[in-house]
Amino acid sequence: MIDPLMLLGAIVALVGGIGAVGARQLMRAVAFLTLLFIGLAGLFGALGAPYLAAAQLFLFVGGVVTLLALAFGSAATPVARGTAIVTAAVTLLGALVGAAVLPSIPDAGTTVAIADLARALFVLYGPALEVVLLIILSAVIGVGYILADDQREGHR
Amino acid sequence: MTIAMASGSAVAVVAAAGIFATGVWGVLRARDVLRVLIGVMLLLSSVTLLTVALARAQTDPGLAAGAHAIVLLAWAIEVTEIAIAIALFIALSRRGLIEISRMREGKW
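Sequences listed follow chains A and B, in order. Residue numbering for the first sequence follows this note's numbering, starting at 1 and increasing by one per position. Residue numbering for the second sequence follows this note's numbering, starting at 157 and increasing by one per position.
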């Protein structure tokens, strides 16, 4: 028996993925990407990982898609910039509402306890987590360097 | 695949395969940096989906929790990569070098 939430999530994710790659306009591609991430969140919920689904919505729909829309808006024409800001605001709102609603879906039963996940993340993969945190720190410094260097080039 | 189907997550495995194929198509046909990034995001999303789908088939809760922890670590790396790619996109767009064929014109 196929779980209807899983089937719906798979269809939404596939439509979103194909749309993101096939869309001619970049802004539409970002909107389809939002659909992909919402579908993936539904799939994670159906697979018994509601916290991963909520994290998917917060991180990717609320963070990455908003960042992509704003980055595209900063590089586009003033008309497209307005569309980008509206898309970013709607996406952020959708992410917050989705993340609030998803864990309360009755069928999304948890197969992994949060305590087991915390033990795996901080004990079993503790050294890997520290390496990842170092990578994030170096990336933050690198992004600051790229943008500061770009601004210096612009002033010359 | 058999294990995943037995656990009822076959739909997720098929969806992961479809998203991966779409991501490969997207990377190959991309002409600007942001579209390459979107294709790579599709590839990474399919791999995380497959990991969670296969974790569901595990009877040991410790192993399943380990798989979910790996997904969280992979997401941290993915988001970092996206932040760097967006910074590069902004820097390249200011110099008019967003198209991949024109990137060689940029100075080191």
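Glycine residues also receive a C-beta, built at the ideal position from the N, C-alpha and C atoms. Keep in mind that this is a model prediction, so the values were computed, not measured.
Answer yes or no: does any C-beta atom of chain B fall closer than 8 Å to that of residue i?
| i | result |
| --- | --- |
| I38 of chain A | no |
| G42 of chain A | no |
| I18 of chain A | yes |
| G45 of chain A | no |
| V143 of chain A | yes |
| I85 of chain A | no |
| R152 of chain A | no |
| G48 of chain A | yes |
| F58 of chain A | no |
| V64 of chain A | yes |
| M27 of chain A | no |
| R119 of chain A | yes |
| V132 of chain A | yes |
| V112 of chain A | yes |
| G109 of chain A | Because the pLDDT at G109 of chain A is just 49, under 50, the model does not fix this residue reliably, and the point stays unresolved. |
| L35 of chain A | no |
Could you tell me whether the Cβ atoms of residue i and residue j are closer together than 8 Å?
| i | j | result |
| --- | --- | --- |
| A230 of chain B | A211 of chain B | no |
| G174 of chain B | G195 of chain B | no |
| R191 of chain B | A13 of chain A | no |
| A221 of chain B | V112 of chain A | yes |
| A168 of chain B | A41 of chain A | no |
| V97 of chain A | A243 of chain B | no |
| G17 of chain A | L43 of chain A | no |
| L47 of chain A | S165 of chain B | yes |
| F58 of chain A | A95 of chain A | yes |
| I240 of chain B | S74 of chain A | no |
| A89 of chain A | L70 of chain A | no |
Tell me whether residue i sits in a helix, a strand or coil according to DSSP, three-state version.
| i | result |
| --- | --- |
| D116 of chain A | helix |
| D149 of chain A | helix |
| L124 of chain A | helix |
| A53 of chain A | helix |
Please check if any C-beta of chain A sits within less than 8 Å of the C-beta of residue i.
| i | result |
| --- | --- |
| L228 of chain B | yes |
| T153 of chain B | Past the edges of chain B, shown from 157 to 264, lies residue 153 of chain B, and the structure says nothing about it. |
| A213 of chain B | no |
| R191 of chain B | yes |
| A243 of chain B | yes |
| G205 of chain B | Going by the sequence as given, residue 205 of chain B is Leu instead of Gly. Yes - at least one Cβ of chain A is within 8 Å of the one on L205 of chain B. |
| V235 of chain B | yes |
| L198 of chain B | yes |
Would you give the residue range spanned by the alpha helix (DSSP H) that residue i belongs to?
| i | result |
| --- | --- |
| F32 of chain A | 26-46 |
| L248 of chain B | 217-250 |
| F176 of chain B | 166-185 |
| G9 of chain A | 4-22 |
| G195 of chain B | 189-212 |
How about residue i: is its Cβ closer than 7 Å to a heavy atom in the ligand SAM?
| i | result |
| --- | --- |
| L35 of chain A | As presented, the structure is devoid of all ligands, the ligand SAM included, so that no description of it is given. |
| If we count Cβ pairs, one from each stretch, closer than 8 Å, do we get three or more for the region 47-55 of chain A versus the region 63-70 of chain A? | no
| said: Within 8 Å, do at least three Cβ pairs link the region 233-240 of chain B to the region 126-139 of chain A? | reply: yes
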